[in-house]
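Student:
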Amino acid sequence: LLFIAFDRVVVPRYAGRAEEREPDPIGERGTVVIAGIGRFGQIVNRLLTASGVRTVVLDRHVAQIENMRRIEMKSYFGDATRPDLLRTAGLDEAALFVVAIDEPDQAVELVHHVRRRHPHVRVLARAFDRGHEFRLREAGAHHTVRETYYSALSLGGGALRALGTHPFKVEQLKATFEAAEDEVRDELFGAWQHRSEGERMSADYRALFLQLNRALVEAMQHDRDDRHTRAERGWTPPPKGYVDDLEADA
(Lines of atoms letter the chains of each structure in order from A and count residues from 1; the text may use other names and numbers.)
(Lines give C-alpha, C1' and ligand atoms only; values in the text may rest on other atoms or scores of the structure.)
Protein backbone atom coordinates (compact mmCIF):
# COMPACT_ATOMS: atom_id res chain seq x y z
CA LEU A 1 0.00 0.00 0.00
CA LEU A 2 2.87 2.38 0.77
CA PHE A 3 4.46 1.71 -2.63
CA ILE A 4 1.13 2.31 -4.39
CA ALA A 5 0.64 5.56 -2.45
CA PHE A 6 4.18 6.63 -3.34
CA ASP A 7 3.66 5.98 -7.07
CA ARG A 8 0.22 7.61 -7.24
CA VAL A 9 0.65 10.59 -4.88
CA VAL A 10 4.28 11.46 -4.16
CA VAL A 11 5.87 10.85 -7.57
CA PRO A 12 3.30 12.90 -9.60
CA ARG A 13 3.67 15.85 -7.21
CA TYR A 14 7.46 15.73 -7.41
CA ALA A 15 7.41 15.42 -11.20
CA GLY A 16 4.96 18.30 -11.46
CA ARG A 17 7.23 20.57 -9.39
CA ALA A 18 10.29 19.50 -11.38
CA GLU A 19 8.72 20.40 -14.71
CA GLU A 20 7.58 23.81 -13.42
CA ARG A 21 11.20 24.93 -13.18
CA GLU A 22 12.53 27.72 -15.36
CA PRO A 23 13.79 26.84 -18.85
CA ASP A 24 17.50 26.23 -19.22
CA PRO A 25 19.53 29.19 -20.49
CA ILE A 26 20.54 28.64 -24.13
CA GLY A 27 23.88 30.11 -25.11
CA GLU A 28 24.35 28.64 -28.56
CA ARG A 29 22.81 28.69 -32.01
CA GLY A 30 22.25 25.93 -34.52
CA THR A 31 21.27 25.45 -38.13
CA VAL A 32 18.44 23.19 -36.94
CA VAL A 33 16.15 23.56 -33.93
CA ILE A 34 14.55 20.30 -32.78
CA ALA A 35 11.45 20.14 -30.59
CA GLY A 36 11.44 16.83 -28.72
CA ILE A 37 14.28 14.47 -27.85
CA GLY A 38 12.27 11.26 -27.41
CA ARG A 39 12.72 8.04 -29.35
CA PHE A 40 12.16 9.84 -32.67
CA GLY A 41 13.83 13.19 -32.12
CA GLN A 42 17.03 11.71 -30.73
CA ILE A 43 17.64 9.68 -33.90
CA VAL A 44 17.18 12.78 -36.05
CA ASN A 45 19.53 14.69 -33.76
CA ARG A 46 22.21 12.00 -33.74
CA LEU A 47 22.19 11.79 -37.54
CA LEU A 48 22.51 15.54 -37.92
CA THR A 49 25.20 16.09 -35.29
CA ALA A 50 27.23 13.11 -36.52
CA SER A 51 27.10 14.74 -39.97
CA GLY A 52 28.51 17.98 -38.61
CA VAL A 53 25.22 19.92 -38.38
CA ARG A 54 24.79 22.13 -35.32
CA THR A 55 21.47 21.64 -33.53
CA VAL A 56 19.60 23.14 -30.59
CA VAL A 57 17.27 20.61 -28.95
CA LEU A 58 14.34 21.46 -26.66
CA ASP A 59 12.28 19.09 -24.53
CA ARG A 60 9.91 19.79 -21.67
CA HIS A 61 10.38 16.46 -19.88
CA VAL A 62 13.05 16.71 -17.19
CA ALA A 63 13.71 12.96 -17.01
CA GLN A 64 14.30 12.77 -20.74
CA ILE A 65 16.73 15.69 -20.65
CA GLU A 66 18.69 14.04 -17.84
CA ASN A 67 18.80 10.71 -19.69
CA MET A 68 20.20 12.41 -22.79
CA ARG A 69 22.85 14.21 -20.78
CA ARG A 70 24.02 10.91 -19.31
CA ILE A 71 24.95 9.79 -22.81
CA GLU A 72 26.45 13.20 -23.63
CA MET A 73 23.64 14.30 -25.92
CA LYS A 74 23.13 18.00 -25.32
CA SER A 75 19.54 19.20 -24.98
CA TYR A 76 17.78 21.96 -23.08
CA PHE A 77 14.80 21.88 -20.77
CA GLY A 78 12.01 24.03 -22.10
CA ASP A 79 8.59 23.97 -23.73
CA ALA A 80 9.05 24.37 -27.49
CA THR A 81 5.43 25.52 -27.86
CA ARG A 82 6.38 28.80 -26.12
CA PRO A 83 7.12 31.49 -28.74
CA ASP A 84 9.60 33.31 -26.49
CA LEU A 85 11.60 30.12 -25.95
CA LEU A 86 11.75 29.44 -29.68
CA ARG A 87 13.29 32.89 -30.17
CA THR A 88 15.74 32.23 -27.35
CA ALA A 89 16.70 28.95 -29.05
CA GLY A 90 17.62 30.94 -32.17
CA LEU A 91 14.78 29.96 -34.48
CA ASP A 92 15.01 33.35 -36.22
CA GLU A 93 18.51 32.38 -37.38
CA ALA A 94 17.87 28.68 -38.07
CA ALA A 95 17.23 27.08 -41.45
CA LEU A 96 15.16 24.09 -40.29
CA PHE A 97 12.74 23.31 -37.49
CA VAL A 98 12.00 19.67 -36.64
CA VAL A 99 8.79 18.87 -34.75
CA ALA A 100 9.14 15.60 -32.84
CA ILE A 101 7.02 16.19 -29.73
CA ASP A 102 4.69 13.46 -28.47
CA GLU A 103 1.46 15.49 -28.37
CA PRO A 104 -0.29 15.37 -31.79
CA ASP A 105 -2.55 18.41 -31.31
CA GLN A 106 0.25 20.57 -29.95
CA ALA A 107 2.48 19.48 -32.83
CA VAL A 108 -0.11 20.79 -35.32
CA GLU A 109 -0.42 24.09 -33.43
CA LEU A 110 3.36 24.41 -33.27
CA VAL A 111 3.74 23.91 -37.02
CA HIS A 112 1.04 26.52 -37.66
CA HIS A 113 2.74 29.03 -35.35
CA VAL A 114 6.21 28.60 -36.84
CA ARG A 115 4.95 28.86 -40.41
CA ARG A 116 3.11 32.06 -39.54
CA ARG A 117 5.78 33.75 -37.40
CA HIS A 118 8.97 32.34 -38.97
CA PRO A 119 8.14 31.92 -42.67
CA HIS A 120 11.79 31.59 -43.70
CA VAL A 121 12.21 28.36 -41.70
CA ARG A 122 11.48 25.01 -43.34
CA VAL A 123 9.39 22.81 -41.05
CA LEU A 124 9.79 19.02 -40.92
CA ALA A 125 7.37 17.13 -38.70
CA ARG A 126 6.83 13.63 -37.33
CA ALA A 127 3.28 12.33 -37.84
CA PHE A 128 1.66 9.56 -35.83
CA ASP A 129 -0.65 8.36 -38.60
CA ARG A 130 -1.99 9.43 -42.00
CA GLY A 131 -4.69 11.66 -40.49
CA HIS A 132 -2.13 13.45 -38.34
CA GLU A 133 0.15 13.78 -41.37
CA PHE A 134 -2.62 15.54 -43.28
CA ARG A 135 -3.28 17.88 -40.35
CA LEU A 136 0.42 18.79 -40.22
CA ARG A 137 0.45 19.45 -43.96
CA GLU A 138 -2.65 21.60 -43.62
CA ALA A 139 -0.87 23.58 -40.90
CA GLY A 140 1.99 24.26 -43.33
CA ALA A 141 4.66 21.60 -42.72
CA HIS A 142 7.02 21.35 -45.68
CA HIS A 143 7.83 17.68 -45.10
CA THR A 144 6.16 15.03 -42.95
CA VAL A 145 7.00 11.44 -42.07
CA ARG A 146 4.72 8.94 -40.40
CA GLU A 147 6.78 7.49 -37.58
CA THR A 148 5.86 3.88 -38.34
CA TYR A 149 6.01 4.06 -42.14
CA TYR A 150 9.65 3.28 -42.87
CA SER A 151 10.07 0.88 -39.97
CA ALA A 152 7.00 -1.05 -41.18
CA LEU A 153 8.34 -0.99 -44.74
CA SER A 154 11.68 -2.32 -43.50
CA LEU A 155 10.04 -5.07 -41.48
CA GLY A 156 7.86 -6.00 -44.46
CA GLY A 157 11.04 -6.31 -46.52
CA GLY A 158 12.52 -8.53 -43.83
CA ALA A 159 9.41 -10.72 -43.99
CA LEU A 160 9.82 -11.11 -47.77
CA ARG A 161 13.49 -12.06 -47.36
CA ALA A 162 12.56 -14.57 -44.66
CA LEU A 163 10.11 -16.12 -47.12
CA GLY A 164 12.89 -16.60 -49.66
CA THR A 165 12.57 -13.51 -51.87
CA HIS A 166 15.94 -12.37 -53.23
CA PRO A 167 17.23 -9.21 -51.43
CA PHE A 168 17.47 -7.31 -54.74
CA LYS A 169 13.85 -8.15 -55.56
CA VAL A 170 12.82 -7.08 -52.06
CA GLU A 171 14.34 -3.65 -52.64
CA GLN A 172 12.50 -3.41 -55.97
CA LEU A 173 9.20 -4.25 -54.28
CA LYS A 174 9.78 -1.74 -51.49
CA ALA A 175 10.62 0.98 -54.03
CA THR A 176 7.47 0.12 -56.00
CA PHE A 177 5.34 0.29 -52.85
CA GLU A 178 6.75 3.69 -51.89
CA ALA A 179 6.34 5.07 -55.43
CA ALA A 180 2.70 3.95 -55.53
CA GLU A 181 2.06 5.69 -52.20
CA ASP A 182 3.76 8.89 -53.34
CA GLU A 183 1.78 8.99 -56.57
CA VAL A 184 -1.57 9.44 -54.86
CA ARG A 185 -0.48 11.19 -51.66
CA ASP A 186 -1.53 14.66 -52.83
CA GLU A 187 -4.84 13.37 -54.17
CA LEU A 188 -5.61 11.68 -50.84
CA PHE A 189 -4.72 14.89 -49.03
CA GLY A 190 -7.06 16.86 -51.29
CA ALA A 191 -9.90 14.40 -50.70
CA TRP A 192 -9.26 14.55 -46.95
CA GLN A 193 -9.41 18.36 -46.99
CA HIS A 194 -12.82 18.34 -48.68
CA ARG A 195 -14.45 15.96 -46.21
CA SER A 196 -17.56 17.09 -44.36
CA GLU A 197 -17.26 18.42 -40.83
CA GLY A 198 -16.95 15.54 -38.37
CA GLU A 199 -16.43 13.05 -41.19
CA ARG A 200 -13.26 10.99 -40.87
CA MET A 201 -13.34 9.47 -44.36
CA SER A 202 -15.25 10.88 -47.32
CA ALA A 203 -16.52 8.75 -50.19
CA ASP A 204 -13.90 10.31 -52.48
CA TYR A 205 -11.14 9.51 -50.02
CA ARG A 206 -12.29 5.90 -49.69
CA ALA A 207 -12.49 5.51 -53.49
CA LEU A 208 -8.95 6.90 -53.90
CA PHE A 209 -7.59 4.64 -51.19
CA LEU A 210 -9.11 1.56 -52.82
CA GLN A 211 -7.67 2.74 -56.14
CA LEU A 212 -4.26 2.98 -54.48
CA ASN A 213 -4.49 -0.59 -53.22
CA ARG A 214 -5.50 -1.92 -56.64
CA ALA A 215 -2.68 -0.03 -58.37
CA LEU A 216 -0.27 -1.27 -55.72
CA VAL A 217 -1.17 -4.93 -56.26
CA GLU A 218 -0.87 -4.52 -60.03
CA ALA A 219 2.52 -2.80 -59.77
CA MET A 220 3.92 -5.31 -57.30
CA GLN A 221 2.94 -8.25 -59.48
CA HIS A 222 4.29 -6.70 -62.65
CA ASP A 223 7.56 -8.09 -63.96
CA ARG A 224 10.18 -5.38 -63.34
CA ASP A 225 13.35 -7.36 -63.82
CA ASP A 226 14.62 -5.12 -66.64
CA ARG A 227 12.94 -1.89 -65.60
CA HIS A 228 15.08 -0.25 -62.96
CA THR A 229 13.89 3.12 -61.77
CA ARG A 230 16.08 6.10 -61.01
CA ALA A 231 15.58 5.47 -57.28
CA GLU A 232 16.98 1.95 -57.62
CA ARG A 233 20.24 2.91 -59.33
CA GLY A 234 21.95 3.64 -56.05
CA TRP A 235 21.70 0.03 -54.90
CA THR A 236 21.52 -1.88 -58.19
CA PRO A 237 24.14 -4.66 -58.01
CA PRO A 238 27.02 -4.63 -60.53
CA PRO A 239 26.67 -6.78 -63.66
CA LYS A 240 28.02 -10.32 -63.82
CA GLY A 241 31.74 -10.46 -64.52
CA TYR A 242 32.34 -7.01 -63.01
CA VAL A 243 35.15 -8.23 -60.76
CA ASP A 244 36.75 -10.24 -63.58
CA ASP A 245 36.81 -7.13 -65.77
CA LEU A 246 38.51 -5.15 -63.01
CA GLU A 247 41.16 -7.82 -62.57
CA ALA A 248 41.78 -7.92 -66.34
CA ASP A 249 42.22 -4.13 -66.46
CA ALA A 250 44.68 -4.32 -63.56
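Using the working numbering, you'd call the opening residue of the sequence shown number 725 and step up by one each time.
The C-beta atom is built at its ideal place from N, Cα and C for all residues, glycine as well.
Can the beta-carbon of Leu848 be found less than 8 Å from the beta-carbon of Thr805?
Tutor: no
Student: Tell me the start and end of each unbroken beta strand (DSSP E) in the segment 761-819 that is at least 3 residues and wholly inside, in chain order.
Tutor: 779-783
Student: From Ala904 to Glu790, what distance separates their C-alpha atoms?
Tutor: Rounded to whole angstroms, Ala904 to Glu790 spans 42 Å at the Cα level.
Student: Under the three-state reduction of DSSP, which class applies to His867: helix, strand or coil?
Tutor: strand
Student: Identify, in the order they occur along the chain, each residue of the same chain with its Cβ nearer than 8 Å to the Cβ of Asp803, setting aside the five sequence neighbours on each side.
Tutor: Pro747, Leu782, Arg784, Leu809
Student: Can you check whether the CB of Thr755 is closer than 8 Å to the CB of Ala818?
Tutor: yes
Student: To the nearest angstrom, report how far apart Ile795 and His842 are at their CA atoms.
Tutor: The alpha-carbon atoms of Ile795 and His842 are separated by roughly 32 Å.
Student: CA-CA distance, Phe821 and Ala787?
Tutor: 23 Å
Student: Quick one: what does DSSP say Leu884 is sitting in, helix, strand or coil?
Tutor: Under the three-state reduction of DSSP output, Leu884 falls in the helix class.
Student: Arg753 lies in the beta strand (DSSP E); which residues open and close that run?
Tutor: First-last for Arg753: undefined, no H or E at that position.
Student: So, Glu871 versus Ala851, is the Cβ gap smaller than 8 Å?
Tutor: yes
Student: If you draw a straight line from the C-alpha of Arg938 to the C-alpha of Ser775, how long is it?
Tutor: 40 Å
Student: Return helix, strand or coil for Pro828, following the three-state DSSP convention.
Tutor: helix
Student: What number of angstroms, rounded off, separates the C-alpha of Leu912 from the C-alpha of Ile825?
Tutor: 25 Å
Student: Which residues in the same chain have their Cβ closer than 8 Å to the Cβ of Leu877, if we skip the five residues on either side of it in sequence?
Tutor: Lys898, Phe901, Glu902
Student: With Arg909 as the anchor, note down where its beta strand (DSSP E) starts and where it stops.
Tutor: Here Arg909 belongs to no beta strand (DSSP E); instead the alpha helix (DSSP H) covers 891-917.
Student: Mapping DSSP to helix, strand and coil, what is Val845?
Tutor: coil
Student: Within 10 angstroms of its Cβ, does Val838 collect 16 or more other Cβ (buried), or is it exposed?
Tutor: buried
Student: Would you mind working out which of Leu879, Leu932, Glu907 sits nearest Val894, comparing C-alpha positions?
Tutor: Leu879
Student: My output table needs one value for Phe821: the three-state DSSP class, helix, strand or coil.
Tutor: strand
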